[in-house]
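Structure first, then comments.
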Amino acid sequence: MNYEKIEKNILEFLRDYLIASGAKGFVLGLSGGLDSAVVATLCAKIAPTHALLMPTRLSNKTNLKDALRLAKTLGLNHKIIDISNILESFCVANGLSKQQKLRYGNLCARVRMCLLYDYSSEHALLVVGTSNKSERLLGYGTIFGDMACALNPIGELFKSEIFEFADFLGVDKMIINKAPSADLWENQSDESELGYSYKELDGALDFILKGLGNSRISKAEILSGKILGGEIPSAEILEFCKKRMKNNAFKLNTPAIAKVPRN
4 MNYEKIEKNI LEFLRDYLIA SGAKGFVLGL SGGLDSAVVA TLCAKIAPTH
54 ALLMPTRLSN KTNLKDALRL AKTLGLNHKI IDISNILESF CVANGLSKQQ
104 KLRYGNLCAR VRMCLLYDYS SEHALLVVGT SNKSERLLGY GTIFGDMACA
154 LNPIGELFKS EIFEFADFLG VDKMIINKAP SADLWENQSD ESELGYSYKE
204 LDGALDFILK GLGNSRISKA EILSGKILGG EIPSAEILEF CKKRMKNNAF
254 KLNTPAIAKV PRN
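Here the sequence shown is numbered in the numbering used here, starting from 4 and rising by one per residue.
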């Protein structure tokens, strides 16, 4: 990957979109994880960038420290908002238990996005997304939560490429070397939850996309193992990825609108 060229293209994308929108800058949720660190680093090169750090009582304290250090290093306008009370109020009102991890995780993501859009409205900023290609294809994200945004500069980069890109950009090694986690509940791990490493998943996704959606790639090239993971993926992981891609494709589409007949 030519990350120098990729950075240039992304910065042009951010600059052009900002100018066309008339907004004053960018805002994103800064988690202390890799994806938001890369996006913040890119945005800060173009315009004033604001970051909301939105932990809960269950959040990893190291992530908050890393996010705060990065915000200061990049010179971001930043604000810490503990969302625990918001979550607890909703849980009481809706009878939601923290043991219902999927519902609770979705709620966390949507509360954070509500705060980001409210902040963006107050300060005339664009909400920037931080979902990578692996997450988008697998549906590993919350619709109208972390997947919501005005624009996304890293949505076409696989997670394994994000690691390399972050190193190219000079992102803090402590952030790069951390195990990926959405930090939606205590000790949550992306790879443990998915059941495979991102390297394995990205290899399988790359294989599927080249085999099904890229006529320029020959069957011989596919079978030669020239994929992101470096090896031909197993039938098991291919089936896992295909099923998730099919079941979660709706998350990448705009809401369906009924057609109304008119004379």
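Where a beta carbon is used, it is the ideal one built from N, C-alpha and C, also for glycine.
Using a 10 Å radius around the Cβ and a threshold of 16 neighbouring Cβ atoms, would you call residue i buried or exposed?
i      : result
Val263 : exposed
Lys213 : buried
Glu159 : exposed
Met177 : exposed
Asp170 : exposed
Thr257 : exposed
Met4   : exposed
Lys64  : exposed
Arg18  : exposed
Leu255 : exposed
Val30  : buried
Val41  : buried
Asn217 : In this prediction, Asn217 scores a pLDDT of 45, lower than 50, which makes its location untrustworthy; the coordinate-derived value is nonetheless stated afterwards. Classification for Asn217: exposed.
Asn155 : buried
Gly198 : exposed
Glu138 : buried
Val275 : The question about residue 275 has no answer, for the chain in this structure spans 4 to 266.
Lys8   : exposed
Leu259 : Per the sequence shown, the amino acid found at residue 259 is Ala instead of Leu. Exposed: under 16 other Cβ atoms inside 10 Å.
Lys11  : exposed
Asn88  : exposed
Phe253 : exposed
Ser62  : buried
Gly108 : buried
Glu242 : exposed
Ser92  : exposed
Ala261 : exposed
Rounded to the nearest angstrom, what separates residue i and residue j at their Cα positions?
i      : j      : result
Asp121 : Pro236 : 43 Å
Pro132 : Glu239 : For the record, residue 132 in the displayed sequence is Gly; it is not Pro. Each residue's alpha carbon lies about 31 Å from the other.
Glu125 : Ala26  : 11 Å
Ser163 : Arg106 : 28 Å
Ala54  : His81  : 5 Å
Cys244 : Tyr201 : 12 Å
Asn180 : Ala127 : 34 Å
Leu79  : Arg265 : 51 Å
Leu215 : Arg247 : Low per-residue confidence applies at Leu215: pLDDT is 48, beneath 50, and the placement is therefore not dependable, though the value from the model is reported in the following sentence. Their backbone Cα atoms lie some 16 Å apart in a straight line.
Asp209 : Gly36  : 23 Å
Ala47  : Phe147 : 25 Å
Leu21  : Leu33  : 20 Å
Leu13  : Ser24  : Note on identity: in this sequence residue 13 is Ile, with Leu being the wrong assignment. Between Ile13 and Ser24, the C-alpha separation is close to 16 Å.
Ser184 : Gln191 : 6 Å
Glu167 : Glu15  : 20 Å
Asp38  : Tyr143 : 14 Å
Leu90  : Thr44  : 29 Å
Glu52  : Val130 : Inspection of the sequence shows that residue 52 is occupied by Thr rather than by Glu. Distance between the alpha carbons of Thr52 and Val130: 10 Å.
Asn66  : Asp186 : 8 Å
Glu196 : Ile49  : 35 Å
Asn250 : Ala207 : 17 Å
Leu172 : Asn97  : 43 Å
Ser123 : Leu56  : 14 Å
Arg60  : Asp85  : 8 Å
Trp188 : Ile211 : 31 Å
Gly28  : Asn135 : 21 Å
Cys111 : Phe161 : 24 Å
Leu204 : Asp69  : 27 Å
Residues bridged to residue i by DSSP?
i      : result
Gly28  : Leu128
Leu204 : Looking at the DSSP assignment, Leu204 forms no beta bridge with any residue, so it has no partner.
Leu154 : Val131
(request) Please list the segments of the beta strand (DSSP E) lying wholly inside the stretch 45-112, counting only runs of 3 or more residues, in order along the chain. (result) 52-56, 80-83
(request) Answer yes if the stretch 109-119 comes into contact with the stretch 140-157, meaning at least three C-beta pairs across the two stretches below 8 Å, and no otherwise. (result) yes
(message) Under 8 Å: do the stretch 65-79 and the stretch 94-102 share three or more Cβ pairs, one atom per stretch?
(response) no
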